[in-house]
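Worksheet for the structure shown next.
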Amino acid sequence: MIVLRSLLFAIVLAIVTPPYAIFGMLTFPLPPHVRHRIITSWAPLVMWFVRHLLGIRYRVLGRDNIPARPAVILSKHQSAWETMALQVIFPPLCFVLKRELLKVPFFGWGLAQIPGIAIDRAAGKDALTQVVEQGRARLAEGFWVVVFPEGTRVAPGTTRRYKPGGAWLAQKAGVPVVPVAHNAGEFWRRNAFLKYPGEIIVSIGPAIGPEGLDANEVNARAEAWIEAEMHRLFPHHYAAGAKRGGEPGSGVVAAARRGSGES
Numbered sequence: 001m002i003v004l005r006s007l008l009f010a011i012v013l014a015i016v017t018p019p020y021a022i023f024g025m026l027t028f029p030l031p032p033h034v035r036h037r038i039i040t041s042w043a044p045l046v047m048w049f050v051r052h053l054l055g056i057r058y059r060v061l062g063r064d065n066i067p068a069r070p071a072v073i074l075s076k077h078q079s080a081w082e083t084m085a086l087q088v089i090f091p092p093l094c095f096v097l098k099r100e101l102l103k104v105p106f107f108g109w110g111l112a113q114i115p116g117i118a119i120d121r122a123a124g125k126d127a128l129t130q131v132v133e134q135g136r137a138r139l140a141e142g143f144w145v146v147v148f149p150e151g152t153r154v155a156p157g158t159t160r161r162y163k164p165g166g167a168w169l170a171q172k173a174g175v176p177v178v179p180v181a182h183n184a185g186e187f188w189r190r191n192a193f194l195k196y197p198g199e200i201i202v203s204i205g206p207a208i209g210p211e212g213l214d215a216n217e218v219n220a221r222a223e224a225w226i227e228a229e230m231h232r233l234f235p236h237h238y239a240a241g242a243k244r245g246g247e248p249g250s251g252v253v254a255a256a257r258r259g260s261g262e263s
């Protein structure tokens, strides 16, 4: 059943994404917020199929921690799921992403029309300058900015060094940082075809104001909250053997069992 669901979902993506991308490219004369609203309507549509076809539900903790004004979101990154879900959970937002993603057929072409922050990672320190310059412009336009501080998707129960780019942007722009923890990788692994049914928990932490703090301090506070919340909510990720081979631990198996009766 999981194989069939995952196959049908892949087919749905292949059918839905190209028309959205083509339509998205035609929106280039429109104002940024109009383009964003049109193109990102793809996300709730796909999330409907995630819920009803894959059987992956989600629950949000800490919605009252979302500030009234644009902020920088520092989120755990485990799968492609959160790149869609965050667009549904938060106000209009954009992502810091690799410039080469814009070259991906259809998906990248449509993505290029959404106001975002595309950086050249090979640029070294200049990449940080790109994040700050473009990020301040997006925030001024009223968009939130999502940064995955670990820089890549990580398996549940593991972590990488938190890079300070997102905190640096928040400090320079004078906006708060909102930390986000979740367990999406327990059901939707990195680059995996199979998606397992179950409930993803997204926890939104208290906003961290940059006043009186340097970027490294903001980054450290966000990292401390996210990692503590990951251990609190998902202790099975950190049990003995959970990191073996860099893959999710027994939580995936348990999730499959919990969700095996869903339609």
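Numbering (UniProt numbering), first residue to last: 1 to 263.
Just so you know, even glycine gets a beta-carbon here, dropped at the ideal spot from N, CA and C.
All figures in this text were calculated on a predicted structure; none of them were measured in a lab.
Residue i (DSSP reduced to helix, strand or coil)
i, result
"Phe106", "coil"
"Leu7", "helix"
"Ile119", "strand"
"Met1", "coil"
"Val132", "helix"
"Leu213", "coil"
"Pro44", "helix"
"Ala207", "coil"
"Leu86", "helix"
"Leu30", "coil"
"Val50", "helix"
"Val218", "helix"
Own chain residues within Cβ distance below 6 Å of residue i, not counting five before or after
i, result
"Trp42", "Tyr20"
"Phe90", "Trp144"
"Leu54", "Arg5, Phe9, Lys195"
Distance between residue j and residue i (C-alpha atoms, nearest Å)
i, j, result
"Asn65", "Pro206", "5 Å"
"Phe148", "Phe28", "27 Å"
"Tyr238", "Met230", "9 Å"
"Gln130", "Gln113", "18 Å"
"Arg189", "His77", "11 Å"
"Glu133", "His182", "29 Å"
"Pro105", "Phe193", "19 Å"
"Ala14", "Gly108", "14 Å"
"Thr40", "Asn219", "28 Å"
Which residues DSSP lists as bridging residue i, in chain order
i, result
"Gly198", "Ile56"
"Ala71", "In the DSSP output, where bridge partners are listed per residue, Ala71 has none listed."
"Val12", "According to DSSP, Val12 bridges with nothing at all."
"Ala181", "Ser203"
"Leu97", "Ala118"
Contact test: residue i Cβ vs the ligand FMN heavy atom, cutoff 7 Å
i, result
"Pro32", "The ligand FMN is not among the ligands present in this structure, which contains no ligands whatsoever."
Residues near residue i in its chain [Cβ-Cβ closer than 8 Å; skip 5 each side]
i, result
"Arg136", "Leu169, Lys172, Ala173"
Whole-number beta carbon distance between residue j and residue i, since they are thought to touch under 8 Å
i, j, result
"Phe49", "Val12", "5 Å"
"Pro156", "Glu186", "5 Å"
Same chain, Cβ closer than 7 Å to residue i, neighbours up to 5 away in sequence not counted
i, result
"Val88", "Ala43, Pro44, Met47"
"Ile201", "Arg59, Leu61, His182, Asn183, Leu233"
"Arg221", "Ile208"
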